[in-house]
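Under the numbering used here, the first residue of the sequence shown is numbered 116, with each subsequent residue one higher. Scroll down for the structure; my scribbles are underneath it.
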Amino acid sequence: MNMATSKVLVTGAGGFIGSHLTERLVRAGARVRGLVHYRSSGSLGWLDTLPESIRSDLEIVRADIRDYHAVAAAMRGSDVVFHLAALIGIPYSYFAADAYVETNIKGTLNVLQAARALQTRRLVQMSTSEVYGTPEAVPIVETHPLQAQSPYAATKIGADQLARSFHQAFGTPVVIARPFNTYGPRQSPRAVIPAIIEQLASGATHIQIGATHPTRDFTFVDDTTAALVAAAETDEAIGDTVHFGSGYELGIGELARQIASQMGAPGVELVEEKARLRPPSSEVERLWANNAKAERLLGWKPLYTGADGLRRGLEQTIQWFTAPQRQRGTAAPDSEYRI
Numbered sequence: 116m117n118m119a120t121s122k123v124l125v126t127g128a129g130g131f132i133g134s135h136l137t138e139r140l141v142r143a144g145a146r147v148r149g150l151v152h153y154r155s156s157g158s159l160g161w162l163d164t165l166p167e168s169i170r171s172d173l174e175i176v177r178a179d180i181r182d183y184h185a186v187a188a189a190m191r192g193s194d195v196v197f198h199l200a201a202l203i204g205i206p207y208s209y210f211a212a213d214a215y216v217e218t219n220i221k222g223t224l225n226v227l228q229a230a231r232a233l234q235t236r237r238l239v240q241m242s243t244s245e246v247y248g249t250p251e252a253v254p255i256v257e258t259h260p261l262q263a264q265s266p267y268a269a270t271k272i273g274a275d276q277l278a279r280s281f282h283q284a285f286g287t288p289v290v291i292a293r294p295f296n297t298y299g300p301r302q303s304p305r306a307v308i309p310a311i312i313e314q315l316a317s318g319a320t321h322i323q324i325g326a327t328h329p330t331r332d333f334t335f336v337d338d339t340t341a342a343l344v345a346a347a348e349t350d351e352a353i354g355d356t357v358h359f360g361s362g363y364e365l366g367i368g369e370l371a372r373q374i375a376s377q378m379g380a381p382g383v384e385l386v387e388e389k390a391r392l393r394p395p396s397s398e399v400e401r402l403w404a405n406n407a408k409a410e411r412l413l414g415w416k417p418l419y420t421g422a423d424g425l426r427r428g429l430e431q432t433i434q435w436f437t438a439p440q441r442q443r444g445t446a447a448p449d450s451e452y453r454i
């Protein structure tokens, strides 16, 4: 399936990854509709910051992913649906698990039921590497057991399993896309990389972060969106789960020191802030993607990989977060719904 000739819907289009994906699809020539969470202010999240040449080619639907009828109406006429809308903050899921069930599980069920009724040609379900918990072995392959260590992860497992069940039971053409720790411009300031950058940019000499020992596979947003498009275009991926990561593992403490070095502040002190720590049994100790299936099925490989790839991705991210318009507070806020 060629995106350039397709009608496409992106749920969660106003969020971090969603806005980047929407922009990529419009530039590729797709006819794109973006579903954004309704706000009385009229904000479209990060879509408000896109160039007019992109926004003018974009159809916007304001709706709530928890409302089946609104979701079905938004999906009508679409060949491909990228389902990114979700509540994603892990800390908030400890206090508001019900909201995560309603949005992440019930919202995904709405999308799946609409896809079945409308005979949508392709549905890409956005997953997360958090579904694995602390892995039994790394790098992690798609057959690794699922283990939720947070309510957020549990709801994403539930959403993914619903998507898989619809493929098995009804033949719904679903692809489960499982990215690892995407970062880049427009990411929520609550995420670890923006939090470090913004503290350093303010002149802080003590950087407050959560646990420094866990490792992650940080994947630049351009690689993630390219992988999502490849997943939608490849028939062989239907009914399957595919990993997208940089293939490079780095500890949070090492990451913080690298960012500090790139920002000209190598001597900063790292402070583990209690408020940023997960409950001990909830911390995921390692995440590191095995990309072999993505390369084999989709022909996708990350462009930002290894130490050099991370450095280049961080460079672009630092530039964006420290740009004058960001310092003046004129950039759009992150969407309530992912991505």
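No residue lacks a Cβ here, since even glycine has one placed at the ideal position from N, Cα and C. Bear in mind that the values here come from a model prediction, so they are computed numbers and not experimental data.
Whole-angstrom distance between residue j and residue i, CA atom to CA atom
i, j, result
"F281", "A326", "38 angstroms"
"R393", "G354", "33 angstroms"
"H321", "V307", "15 angstroms"
"R154", "G129", "11 angstroms"
"L136", "T340", "5 angstroms"
"I220", "R279", "13 angstroms"
"W403", "M190", "34 angstroms"
"D338", "E369", "22 angstroms"
"P304", "D350", "36 angstroms"
"F359", "P254", "12 angstroms"
"L261", "T120", "36 angstroms"
"F436", "A284", "45 angstroms"
"D182", "A347", "25 angstroms"
"A371", "G144", "38 angstroms"
"V186", "P206", "27 angstroms"
As assigned by DSSP and simplified to three states, the class of residue i
i, result
"Y207", "helix"
"G366", "strand"
"Q234", "coil"
"A185", "helix"
"I312", "helix"
"F359", "strand"
"K416", "coil"
"G424", "helix"
"R191", "coil"
"R293", "strand"
"H328", "coil"
"H321", "strand"
"V307", "helix"
"V399", "coil"
"L159", "coil"
"G467", "It is not possible to answer for residue 467, since the shown part of the chain is limited to 116 through 454."
"Y215", "helix"
"L429", "helix"
"Y153", "coil"
"G354", "coil"
"Q264", "coil"
"G248", "coil"
"L343", "helix"
"D275", "helix"
"I169", "helix"
"R393", "coil"
"L202", "coil"
"M118", "helix"
"I180", "coil"
"G382", "coil"
Residue i burial status per 10 Å Cβ neighbour count (16 or more: buried)
i, result
"N117", "exposed"
"L418", "exposed"
"T356", "buried"
"E251", "exposed"
"T258", "exposed"
"E138", "buried"
"T432", "buried"
"S168", "exposed"
"K271", "buried"
"V386", "exposed"
"S450", "For S450, the pLDDT reaches just 42, beneath the cut-off of 50, and the residue's location in the model is therefore unreliable, although a value from the coordinates is still provided. Buried."
"T243", "buried"
"P395", "exposed"
"R301", "buried"
"H328", "exposed"
"D275", "buried"
"R426", "exposed"
"E245", "buried"
Strand pairing of residue i, partner residues [DSSP]
i, result
"T243", "Answer is none; T243 lacks a bridge partner."
"Y298", "F335"
"E174", "R148"
"L140", "According to DSSP, which records beta bridges pairwise, L140 is partnered with nothing at all."
"F197", "V125, V239"
"I255", "A404"
"E387", "I324"
Chain B within 8 angstroms of residue i, Cβ atoms only
i, result
"T270", "No chain B appears in the structure shown, which is made up of a single protein chain."
Residue i: CB within 7 angstroms of a non-hydrogen atom of the ligand ATP
i, result
"A211", "Although the ligand ATP was asked about, the structure shown includes no ligands whatsoever."
Problem set entry | Meets three-Cβ-pair contact criterion under 8 angstroms: the region 286-295 and the region 214-221 | The region 286-295 vs the region 214-221: no contact.
Problem set entry | Stretch pair the region 229-239 + the region 189-205: three plus CB contacts closer than 8 angstroms | Yes, the region 229-239 touches the region 189-205.
For this session: Assess, as a yes-or-no matter, whether the region 169-180 is touched by the region 135-149 under the definition of 3 or more beta carbon pairs within less than 8 angstroms.
Result: Under the three-pair Cβ rule at 8 angstroms, the region 135-149 counts as touching the region 169-180.
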